[in-house]
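Visitor:
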Amino acid sequence: MDLHDHSRAGLEHAAGAERNSGLKVLKFGGTSVGSPEMIARVAELIAQAAATHRVVVVVSARAGVTNTLVAAYEALEAGTLDIEALLALLRQEHRALAAVLKDDPALRQGYMSVLEAELKRLHEALQAAQAQSDAAWRDEVLAAGERLMAPLLAATLKARGLSAFAQDATALLVTDRMHGAASVDLEASRVRVMSWFARLSPHSVPVVTGFIGATPEGRTTTLGRGGSDYSAAVLAALLKASVLERWTDVDGLYTEDPRKNPQAEHYDTLVLEEAWAWNQAGRLGMHRKALDPLVAAGIPVHIRSTLAPERPGTWLIPAQPPQALAV
Ligand code: ADP
Ligand code: ASP
Ligand code: MG
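Once you know that position 296 of the sequence shown is 294 in the numbering used here, the rest is easy, because the numbers rise by one and skip nothing.
Structure below.
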């Protein structure tokens, strides 16, 4: 069977047929949640998916926030960080994003409390890092971007009547101790993810922080820049999702980065294993480990544009049947 002969609907059907859950994992990157309007748009896309499927959402920090945190940590090490100015900037940026909740004062107020609690946690991490700078405290600082975003997206979904909640991934993803570029221990994580998922109501919509996990001792780790792709892939593989939808700011994959070369050509479909090799070589703009768990589990990926959801995007279709799911 030539994978490229499938109609798109057929592809989606074929991809879903052997999956038991009808579950979609939806991953939204930082540019997809860059403004109140974008967050509202993302909530609409999630609501549409939740009307027909169980969904698990993975979200990144707002675009630019992780860069701010990286720069802040460097300034801290150099002894030049103005902690109050950093906290004020993050407060102001996230208060502005919370305008998406303007019609629901109670939810907006609830988010303001979470925002203050997360800024307090960040402040404490920065103070600890000042006392003893190390890679573990750096990860605790970098994690703040996702921890500020997931509760806001969850609140936006609640305002639409969905039973959404924010989930910190440190409770789900067990990693090694390679702070800054941690790898997920799939076996250890599987136990946590499965029991977590089994306890959820079928109608609930978890919004999981991308990019972060925790060591077996419970210290926060980060998975490397762009790591939310990897987080989403791990969850999709462990939960045997029917598809991972990666929502981003371009309408799929191209022969080259379409921002650098406007002549780059769009791929409608790729064989997942082939895309994996290209991604390993850094050609597809995703985290290098993002496709590893999906190849092992035989999970299709659909890359789509948050800005142009009507566009067909790019399908990555597994050629190999799923392995006996060691994952
Ligand atoms: P997100 O915030 O959604 O994670 P990223 O910026 O991490 O978004 O990834 C999307 C970007 O990847 C695109 O804007 C594009 O510039 C870049 N990219 C690099 N190579 C490719 C490629 N071959 N096809 C599509 N996008 C690519
Ligand atoms: N926020 C993290 C980063 O900027 C993770 C991600 O965007 O996927 O690297
Ligand atoms: Mg990214």
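C-beta: ideal position from N, C-alpha, C; glycine also.
1. So is the beta-carbon of residue 227 under 8 Å away from any non-hydrogen atom of the ligand ASP?
2. Pick helix, strand or coil for residue 30, following the three-state DSSP scheme.
3. Please list, in chain order, all residues of the same chain as residue 282 whose beta carbon is under 8 Å from its beta carbon, the five residues on each side excluded.
4. Residue 144: beta carbon under 8 Å from a heavy atom of the ligand ASP?
5. Are the CB atoms of residue 232 and residue 171 within a distance shorter than 9 Å?
6. Helix or strand or just coil, what does DSSP make of residue 310?
7. Apply the 10 Å Cβ neighbour rule to residue 40 and answer buried if 16 or more other Cβ atoms are within range, or exposed otherwise.
8. Can you give the Cα-Cα distance for residue 278 and residue 143, rounded to whole angstroms?
9. Which whole runs of the alpha helix (DSSP H) in the region 93 to 129 are 4 residues long or more, in chain order?
10. Could you tell me whether the region 241 to 258 touches the region 22 to 34, using the rule of 3 or more Cβ pairs below 8 Å?
11. How many Å lie between residue 236 and residue 198 at the Cα?
12. How far does the alpha helix (DSSP H) with residue 145 in it reach, from first residue to last?
13. What are the partner residues of residue 38, as DSSP defines its beta bridges?
14. One question on the structure: do residue 291 and residue 221 come within less than 9 Å of each other, judged by their Cβ atoms?
15. Ignoring anything shorter than 4 residues, give me the alpha helix (DSSP H) runs that lie fully in the region 175 to 259, in order along the chain.
16. Whose C-alpha, out of 105, 173 and 191, is nearest the C-alpha of residue 158?
17. Check whether the region 38 to 52 and the region 71 to 81 touch, using three or more Cβ-Cβ pairs below 8 Å as the test.
Guide: Taking the coordinates as given:
1. As a working mapping, residue 227 is identified with position 229 in the sequence shown. Yes; taking the cut-off as 8 Å, the Cβ of residue 227 has a heavy atom of the ligand ASP nearer than that.
2. On the sequence shown, residue 30 is found 32 positions in, with the first residue counted as 1. Three-state DSSP puts residue 30 in a helix.
3. By 1-based counting over the sequence shown, the position of residue 282 is 284. Closer than 8 Å at the Cβ level, and outside the excluded window around residue 282, lie 251, 273 and 276.
4. In the sequence shown, residue 144 corresponds to position 146, counting from 1. Yes; taking the cut-off as 8 Å, the Cβ of residue 144 has a heavy atom of the ligand ASP nearer than that.
5. Your numbering for residue 171 matches position 173 in the sequence shown. Your numbering for residue 232 matches position 234 in the sequence shown. Closer than 9 Å, so yes.
6. To locate residue 310, count along the sequence shown from 1; it is residue 312. Three-state DSSP puts residue 310 in coil, outside helix and strand.
7. What you label residue 40 is simply residue 42 of the sequence shown in a count that begins at 1. Looking at its Cβ environment, which holds 16 or more other Cβ atoms inside 10 Å, residue 40 is buried.
8. For the purposes of this step, residue 278 is identified with residue 280 of the sequence shown, where counting begins at 1. For the purposes of this step, residue 143 is identified with residue 145 of the sequence shown, where counting begins at 1. The alpha-carbon atoms of residue 278 and residue 143 are separated by roughly 26 Å.
9. 103 to 129
10. yes
11. Taking the sequence shown and counting its residues from 1, one reaches residue 236 at position 238. Taking the sequence shown and counting its residues from 1, one reaches residue 198 at position 200. Distance between the alpha carbons of residue 236 and residue 198: 15 Å.
12. Numbered from 1 along the sequence shown, position 147 holds the residue referred to as residue 145. Start and end: 142 to 157.
13. Mapped onto the sequence shown, residue 38 falls at position 40. None, per the DSSP bridge assignment.
14. Numbered from its first residue, the sequence shown carries residue 291 at position 293. Numbered from its first residue, the sequence shown carries residue 221 at position 223. Not a contact, by the Cβ cut-off of 9 Å.
15. 184 to 197 and 226 to 236
16. Counting from 1 along the sequence shown, the entry for residue 158 is found at position 160. Closest option to residue 158, Cα to Cα, is 105.
17. no
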